[in-house]
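**Student:** One structure follows; several queries about it will come next.
Number of protein chains: 2
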Amino acid sequence: MHISKKLAQAHQSNKPTFSFEFFPPKTAQGVQNLYDRMDRMHDLGPAFIDITWGAGGRHSQLTCEMVNAAQSHYGLETCMHLTCTDMERTQVDDALRRAYKAGCTNILALRGDPPRDQEKWEVKEGGFRYARDLVKYIRTEYGDHFDIGVAGYPEGCDDHRDVDMLIDHLKEKVDAGATFVVTQMFYDVDIFLDWVKKCRDRGINIPIIPGIMPIHTHAAFLRRANWTKCHIPEDWYKALEPVKNDDAAVRAVGKELVAEMCRKILDAGILHLHFYTMNLAQATRMVLEDLSITPSTSGLALEKPLPWRKSLGLNRRDETVRPIFWRNRNTSYITRTADWDEFPNGRWGDSRSPAFGELDAYGIGLKGTNEANIKLWGKPKSLREVTSLFVRYLQGDLDRLPWSEGAISTEAESIKDDLLSLNKRGFLTINSQPAIDGASSTHPVHGWGPVGGWVYQKAYLELLVFPSIFKTVIERLDANKNLTYYAVNQKGELLTNTKDEGPNAVTWGIFPNREIVQPTIVETVSFLAWKDEAFRLGQDWSKCYPAGSSSRKLIETIMGECYLVNIVNNDFHQTHEIFKVFEGLEARDLDLVFEGTEASDHANGTYGTREVLNGDAPVAEVEKSIANGEERKVPFPTNGVALKS
Amino acid sequence: MHISKKLAQAHQSNKPTFSFEFFPPKTAQGVQNLYDRMDRMHDLGPAFIDITWGAGGRHSQLTCEMVNAAQSHYGLETCMHLTCTDMERTQVDDALRRAYKAGCTNILALRGDPPRDQEKWEVKEGGFRYARDLVKYIRTEYGDHFDIGVAGYPEGCDDHRDVDMLIDHLKEKVDAGATFVVTQMFYDVDIFLDWVKKCRDRGINIPIIPGIMPIHTHAAFLRRANWTKCHIPEDWYKALEPVKNDDAAVRAVGKELVAEMCRKILDAGILHLHFYTMNLAQATRMVLEDLSITPSTSGLALEKPLPWRKSLGLNRRDETVRPIFWRNRNTSYITRTADWDEFPNGRWGDSRSPAFGELDAYGIGLKGTNEANIKLWGKPKSLREVTSLFVRYLQGDLDRLPWSEGAISTEAESIKDDLLSLNKRGFLTINSQPAIDGASSTHPVHGWGPVGGWVYQKAYLELLVFPSIFKTVIERLDANKNLTYYAVNQKGELLTNTKDEGPNAVTWGIFPNREIVQPTIVETVSFLAWKDEAFRLGQDWSKCYPAGSSSRKLIETIMGECYLVNIVNNDFHQTHEIFKVFEGLEARDLDLVFEGTEASDHANGTYGTREVLNGDAPVAEVEKSIANGEERKVPFPTNGVALKS
């Protein structure tokens with residue numbers, strides 16, 4: 001959405017809004033950390049974020065990537081900065097094209113600073129000298145697609161201190177097609193408000209967004225103020241000077257000062273605040289909380305139009321349906337479906353088209369280096385040690401599992417005991433949701449969609465089941481008329497009690513004066529695409545460990561043997577019923593330790609370890625119901641098994 | 001659906017099914033009566049019905065019309081008879097084309113009887129001599145589109161008594177492409193079963209449907225048995241002879257005999273019974289009830305896939321959504337949307353295409369002659385007398401109103417008192433439904449859709465509101481955040497508190513392993529189309545009475561003055577809340593009698609009567625919120641009003 005439209009809406013509802021500015025970090029780890037921070041800062045409810053353009057365009061590729069990630073994966077309305085300095089026209093064209101493809105609709109057009117090694121700079125081949133030229137060019141090339149912001153300098157800029165002349169320049173940028181103004185940082189509200197008045201008098205009628213620099217440390221405060229030559233009111237010095245060596249005290253005092261400044265701005269009727277976060281969350285969050293304008297402090301819940309985070313990628317804004325399977329793998333889902341023409345579409349069920357992108361084409365396997373993952377998950381040598389990871393994850397003591405890119409959601413609270421019990425008995429739970437029989441759409445945990453509605457869910461459970469128990473599980477599933485299920489192993493042998501391939505809506509909402517919204521579904525084709533990914537993630541995990549090692553063999557065996565089973569309880573009044581299927585069942589040999597080749601020559605046969613873990617071989621009846629189950633009909637060898645007592 | 005497929009499904013579930021045969025009546029009134037009967041007999045749950053072909057093709061147009069009505073309006077799977085006798089090829093082509101267009105997929109191909117005035121008959125230009133030729137032709141022209149039935153003669157036919165030779169003919173018809181057999185009537189089950197065995201031995205393996213003639217009167221029983229030369233078992237004569245002069249006793253005894261015969265057939269594993277109803281319901285229903293195979297006697301509810309009766313018209317079988325407005329005007333809705341390409345479609349909201357057929361193009365105004373309608377509704381002279389018609393309708397004492405083509409549904413029971421109270425206070429209720437917060441899909445009154453599901457409804461109310469009360473009503477509606485409404489008068493002045501034109505789902509169902517189904521909606525464009533029809537029906541009603549008469553003026557005034565208001569309570573947990581909007585409100589001058597020109601020269605001014613009925617003129621605030629409301633700003637004249645006491 002255009003920023004100017006967002007501002008108009010906020011103005012209409014008389015509700016303060018704010019935005020965050022980030023810049024491309026220097027390292028890959030820094031980028032990942034910033035993504036995680038952006039993801040968390042989403043919950044503060046920014047109206048939009050900015051990604052700055054690397055000075056001289058050096059980080060331009062990264063800026064484009066970050067704009068795409070912010071839009072598509074984190075669902076953050078993003079404004080991409082773009083500068084004239086050191087940019088050829090083809091580079092500008094490329095950046096605009098990439099922004100367009102990312103679904104980005106907002107550009108902040110800047111002249112930019114000259115490269116660090118030059119005091120003056122020359123216009124590049126076909127490039128632009130002034131921001132107004134860039135504004136004109138974007139308008140010419142893209143019409144009204146982009147909302148175009150420009151910079152305002154209440155206290156002059158680097159090479160021009162004549163404020164009135166700069167207002168003339170600003171007027172030219174507006175006349176060239178700019179639709180909003182973001183100011184340079186300032187600390188003196190009177191200067192800012194005076195400058196706004198001058199702008200208005202000069203006929204600049206587009207929204208003006210004040211740029212706010214929260215105070216992180218005393219040194220940075222002085223350095224930035226000095227660099228931008230902005231006036232620091234006398235009382236700010238007085239307040240900060242006494243505590244300047246105590247960072248915490250500086251942040252606390254700084255927060256008070258900045259919040260007070262923001263209040264003055266809001267009182268003057270300017271309802272949007274733009275924060276220069278410097279890629280840090282704390283100082284900005286403190287100011288917002290002091291102002292009571294975050295969801296947790298304002299009493300106004302974060303707008304959550306759907307149960308999953310909306311992507312703002314190109315053509316994705318109207319996306320309304322997703323399979324439940326990628327619930328904990330949002331990035332993967334966005335990536336695998338990036339080439340779709342429409343969302344939702346009929347391609348899940350259309351075998352003629354490659355519905356979900358190939359796993360390898362997108363590099364969407366397990367996140368993190370082997371070392372980091374081993375550090376995170378240790379070196380499990382028994383099923384018990386694997387299940388304990390799942391238990392820790394459910395208890396909130398582990399931030400991610402191979403199948404879940406983020407921490408456990410609060411939604412699982414009501415079924416946590418059931419899930420813990422399952423995992424402790426050797427059923428590894430991959431995904432789940434409790435049943436919801438009409439919660440308010442504003443419910444703090446389960447709510448989504450417009451106010452005044454009711455949301456519903458069918459209980460869902462997805463887990464890994466060992467063959468020794470599989471037959472009993474299927475029998476119990478078949479005996480319960482409320483349950484529908486799909487079970488599939490790594491080889492793709494599928495078992496289901498559903499009769500057709502159409503979607504099963506497992507989350508839906510009823511809203512005033514609307515059609516029913518049904519944003520989460522279970523269905524066959526997408527489950528089979530997910531199955532490949534789910535087993536692949538396990539394989540990736542096993543490959544974190546050296547070939548022949550206990551952990552690799554253990555995890556390989558789990559992935560090679562288990563069925564991935566998903567179950568829906570179609571009676572959405574029942575939350576715990578789905579767990580009764582597993583009552584009294586437990587995986588065998590939970591504590592049997594797998595021994596790697598380093599320690600024993602005997603443990604190198606897959607069959608050996610497999611037999612140990614499974615206990616009984618799967619029975620013939622189950623085998624028959626699965627296509628191409630021939631391998632299993634070979635009795636497992638009973639020799640060659642190496643165990644530690 | 002093909003009859004042979006229906007039979008296969010019924011066979012698989014081992015559940016007896018049955019069908020009814022009707023013939024085209026001689027008079028228009030007879031056709032209307034038969035339609036009403038077919039509509040009622042739908043509730044007995046026939047698998048399909050047959051419409052016979054007028055002998056010699058004389059009633060052929062009517063047969064085609066009836067096939068279309070049965071398929072489209074009454075949702076009855078229909079088999080059209082088609083004969084060779086007296087039919088040119090172009091007539092056959094025309095009949096098949098019309099059957100196709102009606103969505104009919106079943107044809108019974110017959111040779112037919114010669115015209116009454118000829119003992120032998122000649123093949124017409126390009127026509128067909130034998131049924132097998134007709135079967136072949138249909139297969140050639142339409143491939144597998146039509147399921148094709150042929151006649152079987154267990155005791156010979158008119159001009160051939162050699163049963164074995166007739167079985168040879170039957171085999172030829174089967175070889176030509178027939179897919180099921182319907183037999184001539186018979187009363188001797190042994191003869192029939194013996195004949196079936198012969199057919200099977202002869203290699204005729206398609207389903208054979210026995211034709212059953214229930215006994216209406218003794219004379220008809222003998223005449224038909226004699227005409228078809230079928231054998232009547234001795235005990236049948238013995239049982240019927242003693243009671244032959246008592247029609248009721250004949251039917252009772254005949255019912256026992258025919259039911260016993262049906263039981264023998266069912267016991268022999270032939271699970272479908274075809275009844276020659278002779279366009280009468282009673283004798284057939286008695287047999288079915290004796291066999292306990294109707295929905296009310298079998299304990300198996302009538303399948304009701306959606307809350308409204310599905311149309312089987314061409315392309316309509318997958319129709320899943322309808323506006324609620326035509327709930328009591330099914331025929332009109334089917335007719336007005338007959339030219340749509342798909343169901344549902346986006347045309348409700350597409351202003352470029354004529355979404356709903358023009359009123360006049362389809363002749364879908366008020367049903368019945370003026371005389372019949374006056375007989376039904378009397379000559380109301382005051383609002384009280386009009387409301388008393390609505391009260392009688394709600395109490396089940398009146399079969400139809402101008403806005404409801406059939407009797408009040410049992411669904412209204414839970415809000416009957418609310419509706420009665422409204423009407424007694426002068427609000428004429430046009431349409432309504434109670435809120436349902438998750439009833440079982442097999443609920444006898446509210447249930448629909450597959451078993452194991454839950455159905456929901458938002459409370460809905462549509463009624464006529466006089467301007468004197470309108471402002472208060474709108475104020476109360478605006479004050480209740482759960483209610484959305486549309487109000488429109490005859491001139492098309494629309495008032496609504498809805499913000500977009502998208503549909504509001506007011507009926508929906510949640511089913512195992514399915515998407516949410518939302519078959520009934522409220523939305524703007526269709527409401528405006530319905531508004532024209534609703535006001536037109538009132539006008540049509542007024543025109544049943546002579547110009548200048550009290551009744552015409554009264555009804556014209558009501559239609560000219562009232563707003564048609566629809567209200568949805570988006571909180572589907574609340575049934576009675578919607579009626580609180582009208583608490584303490586009453587139309588003025590309920591008992592004021594309108595006087596016609598015959599009785600008084602004074603009562604000829606529209607303003608006069610309008611003023612009387614409305615009491616206060618509408619206030620300015622309301623006026624402002626309605627576009628083009630200028631006329632109303634002129635104060636009503638206070639003179640020229642003619643009243644009785």
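Chains as they are written, first to last, in the UniProt record's numbering: chain A, 1 to 645; chain B, 1 to 645.
In this text, a Cβ means the ideal position worked out from N, Cα and C, and glycines have one as well.
1) Is there a Cβ from chain B that is less than 7 Å from the Cβ of Val488 of chain A?
2) For the region 202-222 of chain B, which residues have a CB atom closer than 7 Å to at least one CB atom of chain A, in sequence order?
3) Quick check on the DSSP output: the alpha helix (DSSP H) that includes Gln29 of chain B runs from which residue to which?
4) Run down chain A in chain order and give the residues with a C-beta less than 9 Å from the C-beta of Lys5 of chain B.
5) Is DSSP giving Asp437 of chain B helix, strand or coil here?
6) Taking 6 Å as the limit between beta carbons, can you name the residues of its chain near His73 of chain B, skipping five residues before and five after?
7) Taking any Cβ of chain A, which residues in the region 554-572 of chain B have a Cβ under 9 Å from it, in chain order?
8) With H, G and I counted as helix, E and B as strand and the rest as coil, what does DSSP make of His2 of chain A?
9) Consider the Cβ of Asn423 of chain A: report whether some Cβ of chain B lies at a distance smaller than 7 Å.
10) Taking the alpha carbon of Ala239 of chain A as the point to measure from, which residue in A:Arg37, A:Ala249, A:Ser298 has its own alpha carbon closest?
11) For Ala620 of chain A, which residues in the same chain have their Cβ closer than 7 Å to its Cβ, ignoring the five residues on either side in sequence?
12) If you compare alpha carbons, which of A:Val593, A:Asn504, A:Arg98 is closest to Asp571 of chain A?
13) Using the beta-carbon count (16 or more within 10 Å), is Asn315 of chain A buried or exposed?
14) Comparing the C-beta of Trp508 of chain B with each C-beta of chain A, is any distance below 7 Å?
15) Measuring CB atoms only, is the region 420-437 of chain A touching the region 484-496 of chain A, in the sense that at least three cross pairs come out at less than 8 Å?
16) Please classify Phe456 of chain A: does DSSP put it in a helix, a strand, or coil?
17) Give me the DSSP bridge partner(s) of Arg322 of chain A.
18) With 7 Å set as the bound, which would you pick, yes or no: does the beta-carbon of Asn504 of chain A sit closer than that to a beta-carbon of chain B?
19) Residue 669 of chain A to Leu108 of chain A, Cα distance in whole Å?
20) In chain order, what residues of the same chain have a beta carbon less than 6 Å from the beta carbon of Glu319 of chain B, not counting five sequence neighbours either side?
21) My guess is that Ile212 of chain B and Cys262 of chain B are in contact by the Cβ rule of under 8 Å, so how many angstroms apart are they, rounded?
22) Restricting to Cα atoms, I'd like to know which of A:Arg476, A:Leu422, A:Asn497, A:Asp500 is closest to Glu462 of chain A.
23) Mark Glu556 of chain A as exposed unless 16 or more other C-beta atoms lie within 10 angstroms of its C-beta, in which case mark it buried.
24) If Ala131 of chain B sits next to Ala151 of chain B, beta carbons under 8 Å apart, how far is it from one beta carbon to the other, in whole angstroms?
25) Check whether the Cβ of Thr524 of chain B lies closer than 7 Å to any Cβ atom in chain A.
26) At a Cβ threshold of 7 Å, is Glu515 of chain B touching chain A?
27) Please classify Asn370 of chain B: does DSSP put it in a helix, a strand, or coil?
28) Quick one: which chain A residues come within Cβ less than 9 Å of Lys580 of chain B?
29) Per DSSP, Phe466 of chain B forms a beta bridge with which residues?
30) Distance cutoff 7 Å, beta carbons only. Does Pro25 of chain B sit that close to anything in chain A?
31) When DSSP labels each residue in this structure, what does Pro295 of chain B get in the three-state scheme?
32) Would you call the region 395-414 of chain B and the region 440-456 of chain B touching, i.e. three or more CB-CB distances under 8 Å?
33) Identify the residues that DSSP records as bridge partners of Asp147 of chain A: which are they?
34) Give a yes or no on whether the minimum CB-CB distance between Gln433 of chain B and chain A is below 7 Å.
35) Can you give me, in chain order, the residues of the region 428-453 of chain A that have a beta carbon less than 7 Å from any beta carbon in chain B?
36) Can you give me the start and stop residues for the beta strand (DSSP E) that Gln184 of chain B sits inside?
**Tutor:** Once the coordinates are examined:
1) Residue 488 of chain A sits at position 488 when you count from the first residue of the first sequence. So no, Val488 of chain A is outside the interface.
2) none
3) Residue mapping note: residue 29 of chain B aligns to position 29 of the second sequence, counting from 1. Judged by DSSP secondary structure, Gln29 of chain B falls within the alpha helix (DSSP H) whose first and last residues are 28-41.
4) In the second sequence, residue 5 of chain B corresponds to position 5, counting from 1. Near Lys5 of chain B there are no residues of chain A at all, since even the closest Cβ is about 17 Å away, more than 9 Å.
5) By one-based count along the second sequence, residue 437 of chain B stands at place 437. Here Asp437 of chain B sits in strand by DSSP.
6) If you number the second sequence from 1, residue 73 of chain B lands on position 73. The answer, listed in chain order, is Thr331, Ile334.
7) Val568, Asn570, Asp571, Phe572
8) Numbered from 1 along the first sequence, position 2 holds the residue referred to as residue 2 of chain A. If DSSP states are grouped into helix, strand and coil, His2 of chain A belongs with coil.
9) Within the first sequence, the letter at position 423 stands for residue 423 of chain A. With 7 Å as the cut-off, Asn423 of chain A does not count as an interface residue toward chain B.
10) Here residue 239 of chain A refers to the residue found at position 239 when the first sequence is read from its first residue. Per the Cα distances, A:Ala249.
11) As a first step, residue 620 of chain A must be located in the first sequence, where it is residue number 620. The pLDDT assigned to Ala620 of chain A is 29, lower than 50, so where the model puts this residue is not dependable; a value taken from the coordinates is nonetheless given after this. For Ala620 of chain A, where only same-chain residues beyond five positions count, there are no Cβ hits under 7 Å.
12) Sequence index remark: in the first sequence, residue 571 of chain A carries index 571 (1-based). Scanning A:Val593, A:Asn504, A:Arg98 for the CA closest to the CA of Asp571 of chain A turns up A:Asn504.
13) To locate residue 315 of chain A, count along the first sequence from 1; it is residue 315. Exposed: under 16 other Cβ atoms inside 10 Å.
14) By 1-based counting over the second sequence, the position of residue 508 of chain B is 508. Yes - at least one Cβ of chain A is within 7 Å of the one on Trp508 of chain B.
15) No, because fewer than three Cβ pairs between the region 420-437 of chain A and the region 484-496 of chain A fall closer than 8 Å, the two stretches do not touch.
16) The residue you call residue 456 of chain A lines up with position 456 of the first sequence. Sequence inspection shows Tyr at residue 456 of chain A; the Phe mentioned does not correspond to that position. Reduced to three states, the DSSP call for Tyr456 of chain A is strand.
17) Locating residue 322 of chain A in the first sequence gives position 322, where the first residue counts as 1. DSSP lists A:Thr520 as partners of Arg322 of chain A.
18) Taking the first sequence and counting its residues from 1, the one referred to as residue 504 of chain A is at position 504. Interface flag for Asn504 of chain A against chain B is set, since a Cβ pair is found closer than 7 Å.
19) A question about residue 669 of chain A goes unanswered here, because the residues of chain A that appear run from 1 up to 645.
20) For the purposes of this step, residue 319 of chain B is taken as the residue at position 319 of the second sequence. Same-chain partners within the cutoff: Phe343.
21) By one-based count along the second sequence, residue 212 of chain B stands at place 212. By one-based count along the second sequence, residue 262 of chain B stands at place 262. Yes, Ile212 of chain B and Cys262 of chain B are in contact; Cβ-Cβ is about 6 Å, under 8 Å.
22) Your numbering for residue 462 of chain A matches position 462 in the first sequence. Ranking A:Arg476, A:Leu422, A:Asn497, A:Asp500 by Cα distance to Glu462 of chain A puts A:Leu422 first.
23) In the first sequence, counting from the first residue as 1, residue 556 of chain A sits at position 556. Classification for Glu556 of chain A: buried.
24) Looking up residue 131 of chain B in the second sequence gives position 131. Looking up residue 151 of chain B in the second sequence gives position 151. So it is a contact: roughly 7 Å between Cβ atoms.
25) Sequence index remark: in the second sequence, residue 524 of chain B carries index 524 (1-based). Output row for Thr524 of chain B: interface = no.
26) Translated into positions along the second sequence, residue 515 of chain B becomes position 515. Output row for Glu515 of chain B: interface = yes.
27) Sequence index remark: in the second sequence, residue 370 of chain B carries index 370 (1-based). Helix.
28) Taking the first residue of the second sequence as 1, we reach residue 580 of chain B at position 580. Correct list: empty, because the minimum Cβ distance to chain A is about 18 Å.
29) The residue given as residue 466 of chain B occupies position 466 in the second sequence. Beta-bridge annotation (DSSP): Phe466 of chain B is not paired with any residue.
30) Residue 25 of chain B sits at position 25 when you count from the first residue of the second sequence. Output row for Pro25 of chain B: interface = no.
31) Position 295 of the second sequence holds residue 295 of chain B. Looking at Pro295 of chain B - three-state DSSP - the assignment turns out to be helix.
32) yes
33) Locating residue 147 of chain A in the first sequence gives position 147, counting from the first residue. Asp147 of chain A is bridged to A:Asn106.
34) In the second sequence, the residue the question calls residue 433 of chain B occupies position 433. Output row for Gln433 of chain B: interface = no.
35) Gly452
36) In the second sequence, residue 184 of chain B corresponds to position 184, counting from 1. According to the DSSP assignment, Gln184 of chain B belongs to the beta strand (DSSP E) that extends over 180-185.
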